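Colleague:
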Amino acid sequence: MRAVQVTEFGGPEVLKNVELPEPVPAEGQVLIEVDHAGVNYADTHQAENTYLAPSRLPLVPGGEVVGRTPDGRRVVALLNGGGGYAERAVADAGMFVPVPDGIDDLTALSFIVQGATAWLLLRKSAHLEAGESVVVHAAAGGVGSIAVQLAKAWGAGRVIATASSEEKRSLALELGADVTVDSRAEDMTAALREANGGKRVDVVLDMTGGRVTDQSVAALAPFGRLAFYGMASREQPKPVQPGSLLRHSTAIAGMWLPHALSLPGNVFGTAMAELFDLALAGRVRAIAGGEYGLSQAREAHEALRSRATVGKLVLDPRR
Numbered sequence: 246m247r248a249v250q251v252t253e254f255g256g257p258e259v260l261k262n263v264e265l266p267e268p269v270p271a272e273g274q275v276l277i278e279v280d281h282a283g284v285n286y287a288d289t290h291q292a293e294n295t296y297l298a299p300s301r302l303p304l305v306p307g308g309e310v311v312g313r314t315p316d317g318r319r320v321v322a323l324l325n326g327g328g329g330y331a332e333r334a335v336a337d338a339g340m341f342v343p344v345p346d347g348i349d350d351l352t353a354l355s356f357i358v359q360g361a362t363a364w365l366l367l368r369k370s371a372h373l374e375a376g377e378s379v380v381v382h383a384a385a386g387g388v389g390s391i392a393v394q395l396a397k398a399w400g401a402g403r404v405i406a407t408a409s410s411e412e413k414r415s416l417a418l419e420l421g422a423d424v425t426v427d428s429r430a431e432d433m434t435a436a437l438r439e440a441n442g443g444k445r446v447d448v449v450l451d452m453t454g455g456r457v458t459d460q461s462v463a464a465l466a467p468f469g470r471l472a473f474y475g476m477a478s479r480e481q482p483k484p485v486q487p488g489s490l491l492r493h494s495t496a497i498a499g500m501w502l503p504h505a506l507s508l509p510g511n512v513f514g515t516a517m518a519e520l521f522d523l524a525l526a527g528r529v530r531a532i533a534g535g536e537y538g539l540s541q542a543r544e545a546h547e548a549l550r551s552r553a554t555v556g557k558l559v560l561d562p563r564r
């Protein structure tokens, strides 16, 4: 079968198009004929071995696919350890969910990682309450574009979206943001407070790192929460001392999606079901960021790393 493989760690240049044997599902796994594979920023970290979970070579990247099982079920799946950039993939039992009629491939792939991440950030990490102000960094990206919509759907008082271009900021406004901020602002603390009518902010969703994280923490109101879920800048924020959190009555939470899969009560399944319902009701929509052929995986990674993309990127294994 056609696939993309990494045999040495590095940037987009290490993604190679190869022919590999078809994967054989073990007990408790299912084979999926891949219609589309999702492309995530985490995949770029996986290829250079800078992700939270160490990568092992040789590696077929890709943590999510939508397609059909041998018995004809249409499912969207998370993959344990990669394997999505291929014509066929295997998923563990409990790691895939049926895709309802009326939900297209783009939406299913947008929800299985980015949508679920946005849901968990707002529900579990930040515990959003109606009327609170919410800052969504990278608001035109995969997680951010859904988080803006969810925050509005769940009664946020003011949604402040940051993005690096006028086009991206316009998209955030279209999705429901009340105001936007240029993500390149020299003083993000001041910019966020100005966007919130001079007041400090209640919730920040951040995947940037570096000074943006540092200055966002400084913009939090008493009992404000920052939910940290990535480091796209590849720059570490400054360490935060517990005494500083006590002094300002603020909180910082980290969130990594795999941990949600082990939560009791099928929290992940609840998130997916609610996201599908919101999509079918027309209250949340996925944003197409571009479709690439499997042979163009390198270009997809280059686009992600350039920070020029919006929404969700997908690969079509048939080309």
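Using the working numbering, the first residue of the sequence shown is number 246, and each one after it goes up by one. We put the CB at the ideal spot given by N, CA and C, even for glycine. It should be emphasised that the depicted structure is a prediction, and the values quoted were computed from it without experimental measurement.
For the alpha helix (DSSP H) that contains Y537, what are its first and last residues?
Modeller: Within the sequence shown, residue 537 is the residue found at index 292, counting from 1. Careful: Y537 lies outside any alpha helix (DSSP H), inside the beta strand (DSSP E) at 533–538.
Colleague: Here's a check: name, in chain order, each residue in its chain whose Cβ is nearer than 8 Å to the Cβ of R470, leaving out the five neighbours to either side.
Modeller: Residue 470 sits at position 225 when you count from the first residue of the sequence shown. Excluding positions up to five away in sequence, the list reads S370, A371, H372, D447, V448, V449, T495, A496, I497, A498.
Colleague: Taking Cβ to Cβ, would you say V321 is nearer than 7 Å to V311?
Modeller: Counted from its first residue, the sequence shown places residue 321 at position 76. Counted from its first residue, the sequence shown places residue 311 at position 66. Result yes, Cβ atoms of V321 and V311 sit closer than 7 Å.
Colleague: Where does K261 sit, in a helix, a strand or coil, going by DSSP?
Modeller: Within the sequence shown, numbered from 1, the residue matching residue 261 stands at position 16. Correct three-state label for K261: strand.
Colleague: Go ahead and label V559 buried or exposed: buried means 16 or more other beta carbons lie within 10 angstroms of its beta carbon, across all protein chains shown.
Modeller: Residue 559 sits at position 314 when you count from the first residue of the sequence shown. Flag for V559 reads buried.
Colleague: Please classify Q486 as buried or exposed, where buried requires at least 16 neighbouring CB atoms within 10 angstroms.
Modeller: As a working mapping, residue 486 is identified with position 241 in the sequence shown. That one is exposed.
Colleague: Go through its chain and collect everything with a Cβ distance to G327's Cβ below 7 Å, but skip five positions before and after it.
Modeller: Here residue 327 corresponds to residue number 82 of the sequence shown, with the count starting at 1. If we look at G327 and ignore the five residues flanking it on each side, its Cβ neighbours are Q291, L304, V305, P306, G307, G308.
Colleague: Thinking A466 and K444 are a contact (beta carbons under 8 Å), I'd like their distance in whole angstroms, please.
Modeller: Walking along the sequence shown from the start, residue 466 turns up at place 221. Walking along the sequence shown from the start, residue 444 turns up at place 199. Yes, A466 and K444 are in contact; Cβ-Cβ is about 7 Å, under 8 Å.
Colleague: Quick check: what's the CA-CA separation for A398 versus Q460?
Modeller: Walking along the sequence shown from the start, residue 398 turns up at place 153. Walking along the sequence shown from the start, residue 460 turns up at place 215. Cα to Cα, A398 sits roughly 27 Å from Q460.
Colleague: Which residue's Cα is closest to the Cα of A533: M340, E431, F356, L260?
Modeller: One-based indexing of the sequence shown puts residue 533 at position 288. Checked all of M340, E431, F356, L260; the closest Cα to A533 is F356.
Colleague: In whole angstroms, what separates the C-alpha of L420 from that of Q394?
Modeller: Position 175 of the sequence shown, counted from the first residue, corresponds to residue 420. Position 149 of the sequence shown, counted from the first residue, corresponds to residue 394. When rounded, the distance between both Cα atoms is 6 Å.
Colleague: Does T252 come out as helix, strand or coil in the three-state DSSP assignment?
Modeller: Stepping through the sequence shown from its first residue, residue 252 is reached at position 7. Three-state result, T252: coil.
Colleague: Could you check the C-alpha separation between T458 and G442 for me, to the nearest Å?
Modeller: As a working mapping, residue 458 is identified with position 213 in the sequence shown. As a working mapping, residue 442 is identified with position 197 in the sequence shown. About 21 Å.
Colleague: Kindly give me the distance between the Cβ atoms of A464 and R438, rounded to whole angstroms, as I take these residues to be in contact under 8 Å.
Modeller: Your numbering for residue 464 matches position 219 in the sequence shown. Your numbering for residue 438 matches position 193 in the sequence shown. The Cβ separation is near 6 Å, so the contact holds.
Colleague: Taking only three categories from DSSP, how would you classify A430?
Modeller: Sequence index remark: in the sequence shown, residue 430 carries index 185 (1-based). If DSSP states are grouped into helix, strand and coil, A430 belongs with coil.
Colleague: Taking the beta strand (DSSP E) that V320 belongs to, which residues open and close that run?
Modeller: As a first step, residue 320 must be located in the sequence shown, where it is residue number 75. Run containing V320: 319–323, per the beta strand (DSSP E) assignment.
Colleague: Just checking my contact of R313 with E278 at CB under 8 Å: how many whole Å lie between their CB atoms?
Modeller: Stepping through the sequence shown from its first residue, residue 313 is reached at position 68. Stepping through the sequence shown from its first residue, residue 278 is reached at position 33. So it is a contact: roughly 5 Å between Cβ atoms.
Colleague: Can you tell me which of the three DSSP states Q274 falls into?
Modeller: The residue labelled residue 274 in the question sits at position 29 within the sequence shown. Looking at Q274 - three-state DSSP - the assignment turns out to be strand.
Colleague: Taking the alpha-carbon of G347 as reference, which of V555, D561, A542, D522 has the nearest alpha-carbon?
Modeller: Position 102 of the sequence shown holds residue 347. G347 has its Cα closest to that of D522, out of V555, D561, A542, D522.
Colleague: Within 10 Å of its beta-carbon, does N285 have 16 or more other beta-carbons around it, so buried, or fewer, so exposed?
Modeller: For this step, residue 285 is matched to residue 40 along the sequence shown. It is buried - the Cβ of N285 has at least 16 other Cβ atoms within 10 Å.
Colleague: Give every residue of the same chain whose Cβ lies closer than 8 Å to the Cβ of M500, excluding the five residues on either side of it in the sequence, and list them in chain order.
Modeller: On the sequence shown, residue 500 is found 255 positions in, with the first residue counted as 1. For M500, where only same-chain residues beyond five positions count, the Cβ hits under 8 Å are T362, L365, L366, K369, S370, A472, F473, Y474.
Colleague: Considering only the beta carbon of each residue, do G454 and E480 sit closer than 7 Å?
Modeller: For the purposes of this step, residue 454 is identified with residue 209 of the sequence shown, where counting begins at 1. For the purposes of this step, residue 480 is identified with residue 235 of the sequence shown, where counting begins at 1. Yes; because the gap between Cβ atoms is below 7 Å, this pair is in contact.
Colleague: Out of curiosity, what's the CA-to-CA distance linking G386 and A531?
Modeller: Here residue 386 is taken as the residue at index 141 of the sequence shown, counted from 1. Here residue 531 is taken as the residue at index 286 of the sequence shown, counted from 1. G386 and A531: Cα-Cα distance of roughly 10 Å.
Colleague: Let me know if D350 comes out buried or exposed under the rule of 16 or more other beta-carbons within 10 Å of its beta-carbon.
Modeller: Here the question's residue 350 lines up with position 105 in the sequence shown. Buried, by the Cβ-count rule.
Colleague: Of the residues R552, R429, V344, which one's Cα is nearest the Cα of A518?
Modeller: In the sequence shown, counting from the first residue as 1, residue 518 sits at position 273. Selected option, being the one with the closest Cα: V344.
Colleague: With A401 and E431 assumed to form a contact (beta carbons below 8 Å), what rounded beta-carbon distance in angstroms separates them?
Modeller: As a working note, residue 401 is residue 156 in the sequence shown. As a working note, residue 431 is residue 186 in the sequence shown. Not quite, the Cβ-Cβ distance comes to about 26 Å (not below 8 Å), so this is no contact.
Colleague: Below 7 Å between beta carbons: does that hold for V424 and A435?
Modeller: For the purposes of this step, residue 424 is identified with residue 179 of the sequence shown, where counting begins at 1. For the purposes of this step, residue 435 is identified with residue 190 of the sequence shown, where counting begins at 1. Result no, Cβ atoms of V424 and A435 do not sit closer than 7 Å.
Colleague: What are the boundary residues of the beta strand (DSSP E) that K483 is part of?
Modeller: Residue mapping note: residue 483 aligns to position 238 of the sequence shown, counting from 1. No beta strand (DSSP E) contains K483, which DSSP labels as neither H nor E.
Colleague: Can you list the alpha helix (DSSP H) stretches of 4 or more residues lying completely in the stretch 503–564, in chain order?
Modeller: Complete alpha helix (DSSP H) runs here, min 4: 512–525, 542–550.
Colleague: Rounded to whole angstroms, what is the Cα-Cα separation between T407 and G256?
Modeller: As a first step, residue 407 is located in the sequence shown; it is residue number 162 there, counting from the start. As a first step, residue 256 is located in the sequence shown; it is residue number 11 there, counting from the start. If I take the Cα positions, the gap works out to 26 Å.
Colleague: Smallest Cα separation from A201: which of S300, L297, A375?
Modeller: With the chain represented from 246 up to 564, any question about residue 201 goes unanswered, as that position is not in the structure.
Colleague: G556 and S390: beta carbons closer than 7 Å?
Modeller: Here residue 556 refers to the residue found at position 311 when the sequence shown is read from its first residue. Here residue 390 refers to the residue found at position 145 when the sequence shown is read from its first residue. Yes. Within cutoff.
Colleague: Considering only C-alpha positions, which residue in the set Y296, A542, E547, R550 is nearest to G329?
Modeller: For this step, residue 329 is matched to residue 84 along the sequence shown. For the residues Y296, A542, E547, R550, the minimum Cα distance to G329 belongs to A542.
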